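Undergrad:
Residue numbers (my numbering): 781 to 1172.
Here you go:
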(Lines of atoms letter the chains of each structure in order from A and count residues from 1; the text may use other names and numbers.)
(Lines give C-alpha, C1' and ligand atoms only; values in the text may rest on other atoms or scores of the structure.)
Protein backbone atom coordinates (compact mmCIF):
# COMPACT_ATOMS: atom_id res chain seq x y z
CA UNK A 1 0.00 0.00 0.00
CA UNK A 2 1.37 3.43 -0.96
CA UNK A 3 1.72 5.71 2.06
CA UNK A 4 0.17 9.13 2.10
CA UNK A 5 2.29 12.18 1.34
CA UNK A 6 2.68 14.87 3.98
CA UNK A 7 3.20 18.37 2.54
CA UNK A 8 3.86 21.58 4.51
CA UNK A 9 3.25 25.12 3.19
CA UNK A 10 4.61 27.94 5.35
CA UNK A 11 3.16 31.47 5.46
CA UNK A 12 2.04 31.26 1.86
CA UNK A 13 -0.34 33.34 -0.24
CA UNK A 14 -4.09 32.91 0.16
CA UNK A 15 -4.35 31.79 -3.48
CA UNK A 16 -2.45 28.64 -2.60
CA UNK A 17 -5.67 27.11 -1.29
CA UNK A 18 -5.95 26.09 -4.95
CA UNK A 19 -2.47 24.56 -4.83
CA UNK A 20 -3.71 22.45 -1.94
CA UNK A 21 -6.90 21.49 -3.80
CA UNK A 22 -4.86 20.24 -6.75
CA UNK A 23 -2.60 18.13 -4.55
CA UNK A 24 -5.63 16.36 -3.14
CA UNK A 25 -7.09 15.84 -6.62
CA UNK A 26 -3.92 14.25 -7.95
CA UNK A 27 -4.42 11.81 -10.85
CA UNK A 28 -2.68 9.01 -8.94
CA UNK A 29 -5.39 9.02 -6.29
CA UNK A 30 -2.68 9.14 -3.63
CA UNK A 31 -3.65 10.43 -0.20
CA UNK A 32 -2.13 13.83 0.63
CA UNK A 33 -2.04 15.33 4.12
CA UNK A 34 -1.39 19.08 4.17
CA UNK A 35 0.03 21.07 7.07
CA UNK A 36 -0.05 24.87 6.95
CA UNK A 37 1.44 27.57 9.15
CA UNK A 38 0.90 31.31 8.98
CA UNK A 39 1.23 34.55 10.90
CA UNK A 40 -2.37 35.57 10.14
CA UNK A 41 -5.02 33.51 11.95
CA UNK A 42 -7.54 34.41 9.24
CA UNK A 43 -5.49 33.14 6.31
CA UNK A 44 -7.73 30.72 4.35
CA UNK A 45 -4.82 28.31 3.92
CA UNK A 46 -5.11 27.44 7.62
CA UNK A 47 -8.74 26.40 7.22
CA UNK A 48 -8.01 24.51 3.99
CA UNK A 49 -5.20 22.44 5.56
CA UNK A 50 -5.60 19.14 7.39
CA UNK A 51 -3.54 20.49 10.30
CA UNK A 52 -2.52 24.09 10.94
CA UNK A 53 -0.62 26.23 13.42
CA UNK A 54 0.31 29.85 13.99
CA UNK A 55 3.98 30.61 13.43
CA UNK A 56 6.15 32.21 16.12
CA UNK A 57 6.64 35.95 15.68
CA UNK A 58 9.96 37.71 15.28
CA UNK A 59 12.21 34.78 14.43
CA UNK A 60 15.44 35.59 12.62
CA UNK A 61 16.11 33.59 9.43
CA UNK A 62 18.51 31.33 11.36
CA UNK A 63 15.99 30.77 14.15
CA UNK A 64 13.28 30.11 11.59
CA UNK A 65 15.42 27.38 10.03
CA UNK A 66 15.61 25.65 13.43
CA UNK A 67 11.85 26.02 13.87
CA UNK A 68 11.25 24.55 10.39
CA UNK A 69 13.59 21.60 10.96
CA UNK A 70 11.77 20.84 14.21
CA UNK A 71 8.40 21.00 12.45
CA UNK A 72 9.52 18.66 9.68
CA UNK A 73 11.00 16.11 12.06
CA UNK A 74 8.08 16.02 14.50
CA UNK A 75 5.37 16.05 11.82
CA UNK A 76 7.15 13.63 9.46
CA UNK A 77 6.89 16.11 6.57
CA UNK A 78 7.74 14.53 3.22
CA UNK A 79 7.77 17.72 1.11
CA UNK A 80 8.21 21.28 2.38
CA UNK A 81 7.09 24.13 0.07
CA UNK A 82 8.63 27.27 1.62
CA UNK A 83 7.82 30.86 0.80
CA UNK A 84 8.94 32.76 3.92
CA UNK A 85 12.76 32.71 4.36
CA UNK A 86 13.13 30.61 1.23
CA UNK A 87 16.81 31.47 0.73
CA UNK A 88 17.86 30.66 4.32
CA UNK A 89 15.91 27.41 4.24
CA UNK A 90 17.41 26.37 0.90
CA UNK A 91 20.90 26.73 2.37
CA UNK A 92 20.01 23.88 4.74
CA UNK A 93 18.63 21.46 2.15
CA UNK A 94 20.90 18.68 3.42
CA UNK A 95 19.68 19.18 7.00
CA UNK A 96 16.07 18.81 5.85
CA UNK A 97 16.99 15.70 3.86
CA UNK A 98 18.54 14.26 7.02
CA UNK A 99 15.14 14.39 8.77
CA UNK A 100 13.40 12.91 5.72
CA UNK A 101 12.04 16.12 4.16
CA UNK A 102 12.51 17.19 0.54
CA UNK A 103 12.65 20.96 0.02
CA UNK A 104 10.56 22.08 -2.96
CA UNK A 105 12.64 25.17 -3.75
CA UNK A 106 15.57 26.13 -5.99
CA UNK A 107 19.15 26.18 -4.64
CA UNK A 108 19.90 29.09 -2.32
CA UNK A 109 22.26 30.65 -4.87
CA UNK A 110 19.49 30.86 -7.47
CA UNK A 111 17.01 32.30 -4.98
CA UNK A 112 19.50 34.99 -3.94
CA UNK A 113 20.10 36.13 -7.53
CA UNK A 114 16.42 36.93 -8.01
CA UNK A 115 15.75 38.48 -4.61
CA UNK A 116 17.16 41.74 -6.01
CA UNK A 117 15.78 42.94 -9.36
CA UNK A 118 18.90 44.86 -10.36
CA UNK A 119 21.13 41.88 -9.63
CA UNK A 120 18.69 39.70 -11.56
CA UNK A 121 18.67 41.93 -14.65
CA UNK A 122 22.46 42.14 -14.66
CA UNK A 123 22.70 38.36 -14.42
CA UNK A 124 20.18 37.44 -17.13
CA UNK A 125 21.62 39.89 -19.65
CA UNK A 126 24.88 37.94 -19.55
CA UNK A 127 22.91 34.94 -20.85
CA UNK A 128 21.33 36.87 -23.71
CA UNK A 129 17.89 37.22 -22.10
CA UNK A 130 16.46 40.68 -22.88
CA UNK A 131 15.74 42.96 -19.92
CA UNK A 132 14.29 46.49 -19.96
CA UNK A 133 16.51 49.54 -19.45
CA UNK A 134 16.74 50.24 -15.72
CA UNK A 135 18.51 52.31 -13.08
CA UNK A 136 18.90 51.78 -9.36
CA UNK A 137 18.07 54.94 -7.39
CA UNK A 138 18.52 55.80 -3.73
CA UNK A 139 17.95 59.57 -3.66
CA UNK A 140 15.81 62.33 -5.14
CA UNK A 141 18.56 63.48 -7.50
CA UNK A 142 19.09 59.93 -8.82
CA UNK A 143 15.34 59.55 -9.34
CA UNK A 144 15.12 62.79 -11.35
CA UNK A 145 18.07 61.76 -13.52
CA UNK A 146 16.58 58.32 -14.17
CA UNK A 147 13.15 59.68 -15.07
CA UNK A 148 14.66 62.36 -17.34
CA UNK A 149 16.71 59.73 -19.20
CA UNK A 150 13.77 57.39 -19.72
CA UNK A 151 11.45 60.16 -20.86
CA UNK A 152 14.09 61.42 -23.28
CA UNK A 153 13.97 57.99 -24.92
CA UNK A 154 10.19 58.18 -25.22
CA UNK A 155 9.29 55.98 -22.24
CA UNK A 156 6.88 56.50 -19.36
CA UNK A 157 8.84 55.93 -16.15
CA UNK A 158 7.79 53.78 -13.21
CA UNK A 159 9.51 52.58 -10.06
CA UNK A 160 9.24 49.78 -7.51
CA UNK A 161 11.40 48.39 -4.69
CA UNK A 162 14.53 46.63 -5.91
CA UNK A 163 13.55 43.78 -3.59
CA UNK A 164 9.87 42.99 -3.32
CA UNK A 165 7.04 40.84 -4.57
CA UNK A 166 3.44 41.04 -5.63
CA UNK A 167 3.53 44.55 -7.09
CA UNK A 168 3.96 46.15 -3.65
CA UNK A 169 5.35 49.69 -4.00
CA UNK A 170 4.87 49.89 -7.79
CA UNK A 171 4.06 53.43 -9.01
CA UNK A 172 3.96 55.17 -12.40
CA UNK A 173 5.52 58.63 -12.60
CA UNK A 174 3.49 61.54 -13.99
CA UNK A 175 4.51 65.16 -14.52
CA UNK A 176 0.93 66.31 -13.90
CA UNK A 177 0.77 68.30 -10.62
CA UNK A 178 -1.38 66.82 -7.89
CA UNK A 179 -4.96 68.10 -8.09
CA UNK A 180 -8.56 67.06 -7.51
CA UNK A 181 -8.22 65.00 -10.67
CA UNK A 182 -6.21 62.52 -8.61
CA UNK A 183 -8.99 62.29 -6.02
CA UNK A 184 -11.78 61.19 -8.35
CA UNK A 185 -12.67 57.57 -8.86
CA UNK A 186 -10.63 54.77 -7.32
CA UNK A 187 -6.98 55.24 -6.24
CA UNK A 188 -4.56 54.47 -9.05
CA UNK A 189 -0.85 53.75 -9.48
CA UNK A 190 0.03 57.23 -10.84
CA UNK A 191 2.01 59.58 -8.63
CA UNK A 192 3.34 63.07 -9.30
CA UNK A 193 7.11 63.32 -9.70
CA UNK A 194 7.16 66.49 -7.58
CA UNK A 195 5.48 64.68 -4.68
CA UNK A 196 7.88 61.75 -4.85
CA UNK A 197 10.91 64.06 -4.98
CA UNK A 198 9.67 66.03 -1.99
CA UNK A 199 9.06 62.84 -0.02
CA UNK A 200 12.57 61.61 -0.81
CA UNK A 201 14.17 64.89 0.25
CA UNK A 202 12.36 64.71 3.59
CA UNK A 203 13.12 61.02 4.18
CA UNK A 204 15.48 60.07 7.01
CA UNK A 205 17.18 57.32 4.99
CA UNK A 206 17.73 56.42 1.33
CA UNK A 207 15.35 54.25 -0.64
CA UNK A 208 16.33 51.29 -2.80
CA UNK A 209 14.25 51.49 -5.98
CA UNK A 210 14.55 50.34 -9.54
CA UNK A 211 13.35 52.85 -12.16
CA UNK A 212 12.41 51.49 -15.58
CA UNK A 213 9.96 52.03 -18.44
CA UNK A 214 6.36 51.15 -17.92
CA UNK A 215 6.09 47.91 -19.88
CA UNK A 216 3.02 47.19 -21.99
CA UNK A 217 0.66 44.25 -22.21
CA UNK A 218 0.28 41.44 -22.95
CA UNK A 219 1.91 40.13 -19.81
CA UNK A 220 2.96 36.51 -20.03
CA UNK A 221 3.77 34.48 -16.91
CA UNK A 222 5.57 31.27 -17.81
CA UNK A 223 5.15 28.58 -15.16
CA UNK A 224 8.15 26.26 -15.23
CA UNK A 225 8.81 22.91 -13.61
CA UNK A 226 12.50 21.98 -13.59
CA UNK A 227 14.06 18.88 -12.09
CA UNK A 228 17.15 18.81 -9.86
CA UNK A 229 18.93 17.48 -12.93
CA UNK A 230 18.39 20.88 -14.60
CA UNK A 231 15.96 19.63 -17.24
CA UNK A 232 12.71 21.55 -17.72
CA UNK A 233 9.67 19.26 -17.56
CA UNK A 234 7.05 21.98 -18.08
CA UNK A 235 6.89 25.52 -19.49
CA UNK A 236 3.44 26.96 -20.14
CA UNK A 237 2.64 30.66 -20.57
CA UNK A 238 -0.40 32.30 -18.99
CA UNK A 239 -1.29 35.48 -20.85
CA UNK A 240 -2.95 38.61 -19.46
CA UNK A 241 -4.35 41.53 -21.40
CA UNK A 242 -6.68 43.54 -19.20
CA UNK A 243 -9.25 41.16 -17.75
CA UNK A 244 -8.77 38.65 -20.54
CA UNK A 245 -6.59 35.66 -19.71
CA UNK A 246 -5.38 32.80 -21.84
CA UNK A 247 -2.51 30.43 -22.54
CA UNK A 248 0.38 30.23 -24.99
CA UNK A 249 3.23 27.94 -25.98
CA UNK A 250 4.79 30.43 -28.40
CA UNK A 251 8.61 30.22 -28.51
CA UNK A 252 9.06 33.98 -28.04
CA UNK A 253 7.97 33.51 -24.42
CA UNK A 254 8.69 29.86 -23.75
CA UNK A 255 12.26 29.62 -25.07
CA UNK A 256 13.77 32.46 -22.97
CA UNK A 257 11.94 31.11 -19.91
CA UNK A 258 13.34 27.61 -20.45
CA UNK A 259 16.81 29.05 -21.08
CA UNK A 260 16.62 31.07 -17.87
CA UNK A 261 15.34 28.16 -15.76
CA UNK A 262 18.11 25.88 -17.03
CA UNK A 263 20.90 28.49 -16.84
CA UNK A 264 20.17 29.49 -13.23
CA UNK A 265 19.15 26.06 -11.85
CA UNK A 266 15.63 27.22 -11.04
CA UNK A 267 14.57 23.82 -9.78
CA UNK A 268 10.97 22.83 -9.12
CA UNK A 269 8.18 25.40 -9.59
CA UNK A 270 9.12 28.89 -10.68
CA UNK A 271 7.34 31.70 -12.49
CA UNK A 272 9.03 33.88 -15.11
CA UNK A 273 7.19 37.03 -16.21
CA UNK A 274 7.53 38.96 -19.47
CA UNK A 275 5.99 42.14 -20.87
CA UNK A 276 6.42 44.14 -24.04
CA UNK A 277 8.95 46.92 -24.63
CA UNK A 278 7.84 48.18 -28.00
CA UNK A 279 7.60 45.09 -30.18
CA UNK A 280 10.00 43.00 -28.07
CA UNK A 281 9.17 40.73 -25.12
CA UNK A 282 11.48 41.54 -22.19
CA UNK A 283 11.89 40.01 -18.76
CA UNK A 284 9.87 41.69 -16.03
CA UNK A 285 10.34 39.47 -12.99
CA UNK A 286 11.33 36.00 -11.78
CA UNK A 287 9.57 34.33 -8.87
CA UNK A 288 11.50 31.41 -7.37
CA UNK A 289 8.28 29.95 -5.97
CA UNK A 290 4.95 28.66 -7.30
CA UNK A 291 2.85 31.50 -8.70
CA UNK A 292 -0.45 32.36 -7.05
CA UNK A 293 -2.18 31.74 -10.39
CA UNK A 294 -0.53 28.37 -11.00
CA UNK A 295 -3.83 26.57 -10.50
CA UNK A 296 -5.17 28.23 -13.65
CA UNK A 297 -3.17 25.67 -15.67
CA UNK A 298 -5.88 23.20 -14.69
CA UNK A 299 -7.84 24.82 -17.52
CA UNK A 300 -5.26 23.15 -19.79
CA UNK A 301 -5.52 19.76 -18.13
CA UNK A 302 -2.28 20.24 -16.14
CA UNK A 303 -1.78 19.52 -12.42
CA UNK A 304 1.59 21.24 -11.86
CA UNK A 305 1.63 21.05 -8.03
CA UNK A 306 1.36 17.26 -8.05
CA UNK A 307 4.03 16.89 -10.75
CA UNK A 308 6.35 19.03 -8.61
CA UNK A 309 5.71 16.98 -5.47
CA UNK A 310 6.47 13.81 -7.41
CA UNK A 311 9.79 15.31 -8.56
CA UNK A 312 10.63 16.28 -4.98
CA UNK A 313 9.91 12.71 -3.87
CA UNK A 314 12.38 11.40 -6.44
CA UNK A 315 9.70 10.17 -8.83
CA UNK A 316 9.64 11.06 -12.52
CA UNK A 317 6.46 12.75 -13.81
CA UNK A 318 7.86 12.97 -17.34
CA UNK A 319 7.31 15.95 -19.58
CA UNK A 320 4.22 17.86 -18.48
CA UNK A 321 2.63 19.05 -21.73
CA UNK A 322 -0.91 20.49 -21.79
CA UNK A 323 -3.18 18.19 -23.79
CA UNK A 324 -5.04 21.31 -24.98
CA UNK A 325 -4.98 25.06 -24.44
CA UNK A 326 -8.09 26.17 -22.59
CA UNK A 327 -10.22 28.95 -23.99
CA UNK A 328 -9.79 32.56 -22.85
CA UNK A 329 -11.19 33.27 -19.40
CA UNK A 330 -11.51 35.83 -16.61
CA UNK A 331 -10.58 35.40 -12.95
CA UNK A 332 -13.38 35.93 -10.42
CA UNK A 333 -12.82 35.68 -6.68
CA UNK A 334 -14.96 33.51 -4.44
CA UNK A 335 -15.41 32.76 -0.73
CA UNK A 336 -13.20 30.36 1.19
CA UNK A 337 -13.70 29.11 4.74
CA UNK A 338 -11.77 30.55 7.70
CA UNK A 339 -11.06 29.02 11.09
CA UNK A 340 -13.89 29.91 13.50
CA UNK A 341 -11.42 31.12 16.15
CA UNK A 342 -7.78 32.22 15.96
CA UNK A 343 -5.23 29.49 16.50
CA UNK A 344 -2.88 29.79 19.46
CA UNK A 345 0.67 30.61 18.48
CA UNK A 346 2.88 27.54 18.23
CA UNK A 347 6.27 27.61 19.89
CA UNK A 348 9.21 25.41 18.80
CA UNK A 349 9.01 23.17 21.87
CA UNK A 350 9.98 19.47 22.10
CA UNK A 351 6.30 18.51 21.97
CA UNK A 352 3.61 20.47 20.12
CA UNK A 353 1.01 22.19 22.24
CA UNK A 354 -2.32 20.35 21.86
CA UNK A 355 -4.16 23.52 20.81
CA UNK A 356 -1.72 24.10 17.93
CA UNK A 357 -3.02 21.14 15.96
CA UNK A 358 -6.25 21.47 14.03
CA UNK A 359 -8.32 18.27 13.98
CA UNK A 360 -8.28 16.52 10.66
CA UNK A 361 -11.07 17.49 8.31
CA UNK A 362 -12.59 15.18 5.75
CA UNK A 363 -11.64 16.56 2.35
CA UNK A 364 -15.17 16.11 1.02
CA UNK A 365 -16.52 18.48 3.69
CA UNK A 366 -14.42 21.39 2.47
CA UNK A 367 -15.93 24.10 0.25
CA UNK A 368 -15.07 23.54 -3.38
CA UNK A 369 -12.44 25.66 -5.13
CA UNK A 370 -13.26 28.96 -6.73
CA UNK A 371 -12.44 28.36 -10.37
CA UNK A 372 -11.83 30.91 -13.12
CA UNK A 373 -15.06 31.95 -14.82
CA UNK A 374 -14.88 31.51 -18.58
CA UNK A 375 -17.20 32.28 -21.50
CA UNK A 376 -19.63 29.54 -22.62
CA UNK A 377 -17.84 26.26 -23.21
CA UNK A 378 -16.45 25.41 -26.60
CA UNK A 379 -14.33 22.61 -27.92
CA UNK A 380 -10.74 22.87 -26.60
CA UNK A 381 -8.09 23.60 -29.13
CA UNK A 382 -4.96 21.53 -29.53
CA UNK A 383 -1.79 23.05 -28.08
CA UNK A 384 0.68 24.17 -30.76
CA UNK A 385 4.07 25.79 -30.25
CA UNK A 386 3.28 28.17 -33.10
CA UNK A 387 0.50 30.00 -31.23
CA UNK A 388 0.84 33.75 -31.68
CA UNK A 389 2.71 35.49 -28.83
CA UNK A 390 0.00 38.13 -28.76
CA UNK A 391 -2.85 35.66 -28.62
CA UNK A 392 -4.47 35.91 -25.23
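C-beta atoms are modelled at their ideal positions from N, C-alpha and C, and glycine is treated no differently.
Everything numeric in this text was worked out from a predicted model, so none of it was measured.
Report the rounded CA-to-CA distance for residue 1090 versus residue 913, giving the unit in angstroms.
TA: Taking the first residue of the chain shown as position 1, residue 1090 is located at position 310. Taking the first residue of the chain shown as position 1, residue 913 is located at position 133. Roughly 39 Å between the two C-alpha positions.
Undergrad: Near residue 1143, what residues of its chain come up, given a Cβ to Cβ distance below 6 Å and the 5 sequence neighbours on each side ignored?
TA: Residue mapping note: residue 1143 aligns to position 363 of the chain shown, counting from 1. Low confidence applies here, because residue 1143 scores a pLDDT of 36, under 50, leaving its location unreliable; read the following figure in that light. Within the same chain, residue 1143 has close Cβ partners 804.
Undergrad: I'd like the list of long-range same chain contacts for residue 997, defined as Cβ closer than 6 Å, with 5 residues on each side in sequence excluded.
TA: One-based indexing of the chain shown puts residue 997 at position 217. If we look at residue 997 and ignore the five residues flanking it on each side, its Cβ neighbours are 1021.
Undergrad: For residue 1166 and residue 1105, what's the separation of their Cα atoms in angstroms?
TA: Translated into the one-based positions of the chain shown, residue 1166 becomes position 386. Translated into the one-based positions of the chain shown, residue 1105 becomes position 325. For residue 1166, the predicted structure reports a pLDDT of 41, less than 50, and the residue's modelled location is therefore unreliable. The matter cannot be settled from this model.
Undergrad: Enumerate, from N- to C-terminal direction, the unbroken beta strand (DSSP E) stretches of 3 or more residues contained entirely within the stretch 948-997.
TA: Runs of the beta strand (DSSP E) inside the stretch 948-997: 951-954, 970-972, 989-993.
Undergrad: Check the C-beta distance from residue 816 over to residue 829 and give it rounded, since I have them as a contact under 8 Å.
TA: As a working note, residue 816 is residue 36 in the chain shown. As a working note, residue 829 is residue 49 in the chain shown. That belief holds up - the Cβ atoms of residue 816 and residue 829 are roughly 4 Å apart, short of 8 Å.
Undergrad: Suppose you measure from the CA of residue 797 to the CA of residue 963; what does that come to, to the nearest Å?
TA: Within the chain shown, numbered from 1, the residue matching residue 797 stands at position 17. Within the chain shown, numbered from 1, the residue matching residue 963 stands at position 183. Cα to Cα, the separation comes out at about 36 Å.
Undergrad: Which of the three DSSP states, helix, strand or coil, is assigned to residue 1075?
TA: If you number the chain shown from 1, residue 1075 lands on position 295. In the structure shown, residue 1075 sits in a helix (DSSP, three-state: H, G or I).
Undergrad: Is it right to say residue 885 is buried, meaning 16 or more other beta carbons lie within 10 angstroms of its own, or is it exposed?
TA: The residue you call residue 885 lines up with position 105 of the chain shown. Result: buried.
Undergrad: Once you ignore the five residues that flank residue 857 on each side, which residues in its own chain have a CB closer than 6 Å to its CB?
TA: Sequence index remark: in the chain shown, residue 857 carries index 77 (1-based). Hits under 6 Å: 786, 788, 881.
Undergrad: In this structure, what does DSSP give as the bridge partners for residue 1019?
TA: Looking up residue 1019 in the chain shown gives position 239. According to DSSP, residue 1019 bridges with 1000, 1026.
Undergrad: In the DSSP assignment, find the unbroken beta strand (DSSP E) run with residue 938 in it and report its ends.
TA: Position 158 of the chain shown, counting from 1, holds the residue named residue 938. Here the beta strand (DSSP E) through residue 938 covers 937-941.
Undergrad: Less than 8 Å between C-beta atoms, sequence neighbours within five positions excluded: which residues of the same chain meet that for residue 1060?
TA: On the chain shown, position 280 is the one that residue 1060 refers to. So the qualifying residues of the chain are 910.
Undergrad: Thinking C-beta only, is residue 975 closer than 8 Å to residue 938?
TA: Mapped onto the chain shown, residue 938 falls at position 158. Mapped onto the chain shown, residue 975 falls at position 195. No, Cβ-Cβ distance for residue 938 and residue 975 is not below 8 Å.
Undergrad: Report, in whole angstroms, the separation of the C-beta atoms of residue 891 and residue 919, which I expect to be a contact under 8 Å.
TA: As a first step, residue 891 must be located in the chain shown, where it is residue number 111. As a first step, residue 919 must be located in the chain shown, where it is residue number 139. Actually they do not touch by this definition, with Cβ atoms about 29 Å apart.
Undergrad: Could you give the C-beta distance for residue 942 and residue 898, rounded to a whole number, given that I count them as a contact under 8 Å?
TA: In the chain shown, counting from the first residue as 1, residue 942 sits at position 162. In the chain shown, counting from the first residue as 1, residue 898 sits at position 118. At roughly 5 Å, the Cβ-Cβ gap stays under 8 Å, so residue 942 and residue 898 are in contact.
Undergrad: Which of helix, strand or coil does DSSP assign to residue 1110?
TA: Locating residue 1110 in the chain shown gives position 330, counting from the first residue. Looking at residue 1110 - three-state DSSP - the assignment turns out to be strand.
Undergrad: Beta-carbon separation of residue 1119 and residue 932 under 8 Å?
TA: Within the chain shown, the letter at position 339 stands for residue 1119. Within the chain shown, the letter at position 152 stands for residue 932. Not a contact, by the Cβ cut-off of 8 Å.
Undergrad: Evaluate residue 1018 with the Cβ neighbour count: other Cβ atoms within 10 Å of its Cβ, from every protein chain shown; 16 or more gives buried, anything less gives exposed.
TA: Translated into positions along the chain shown, residue 1018 becomes position 238. By the neighbour-count rule (16 or more Cβ atoms within 10 Å), residue 1018 is buried.
Undergrad: Pick out whichever of 1044, 795, 1094 has its Cα sitting closest to the Cα of residue 904.
TA: For the purposes of this step, residue 904 is taken as the residue at position 124 of the chain shown. When each option's Cα is compared against that of residue 904, the closest is 1044.
Undergrad: Within its chain, find whatever has a CB closer than 8 Å to the CB of residue 1145; leave out the 5 residues flanking it on each side and keep chain order.
TA: Counted from its first residue, the chain shown places residue 1145 at position 365. Caution applies to residue 1145, whose pLDDT of 36 falls short of 50 and renders its modelled position unreliable; the model cannot decide the point.
Undergrad: I'd like to check one pair, residue 809 with residue 837: are the Cβ atoms closer than 8 Å?
TA: Within the chain shown, numbered from 1, the residue matching residue 837 stands at position 57. Within the chain shown, numbered from 1, the residue matching residue 809 stands at position 29. Taking 8 Å as the Cβ cut-off, residue 837 and residue 809 do not qualify as a contacting pair.
Undergrad: Spell out a yes or no on whether the stretch 1081-1095 and the stretch 1010-1017 are touching, meaning 3 or more CB-CB pairs, one atom from each, closer than 8 Å.
TA: Touching, yes.
Undergrad: Quickly, what does DSSP pair residue 916 with across the bridge? List them, please.
TA: Mapped onto the chain shown, residue 916 falls at position 136. Paired residues: 990.
Undergrad: Do residue 875 and residue 839 count as a contact pair if the criterion is CB distance below 8 Å?
TA: Mapped onto the chain shown, residue 839 falls at position 59. Mapped onto the chain shown, residue 875 falls at position 95. In this structure, residue 875 does not lie closer than 8 Å to residue 839 by Cβ.
Undergrad: Please confirm if the stretch 977-984 is in contact with the stretch 1068-1086, defined as three or more CB-CB distances below 8 Å between the two stretches.
TA: Contact between the stretch 977-984 and the stretch 1068-1086 is absent, because fewer than three Cβ pairs lie under 8 Å.
Undergrad: Exposed or buried, what is residue 950 when buried is set at 16 or more other beta-carbons lying within 10 Å of its beta-carbon?
TA: By one-based count along the chain shown, residue 950 stands at place 170. Exposed, by the Cβ-count rule.
Undergrad: Could you say which of 923, 1101, 821 lies nearest to residue 1079 if we only look at CA atoms?
TA: Position 299 of the chain shown holds residue 1079. Closest option to residue 1079, Cα to Cα, is 1101.
Undergrad: Flag this pair as yes or no: are the beta carbons of residue 873 and residue 791 separated by less than 8 Å?
TA: Against the chain shown, residue 873 aligns to sequence position 93. Against the chain shown, residue 791 aligns to sequence position 11. Going by C-beta atoms, residue 873 is not nearer than 8 Å to residue 791.
Undergrad: Considering only the beta carbon of each residue, do residue 990 and residue 970 sit closer than 8 Å?
TA: Within the chain shown, residue 990 is the residue found at index 210, counting from 1. Within the chain shown, residue 970 is the residue found at index 190, counting from 1. Contact: no.
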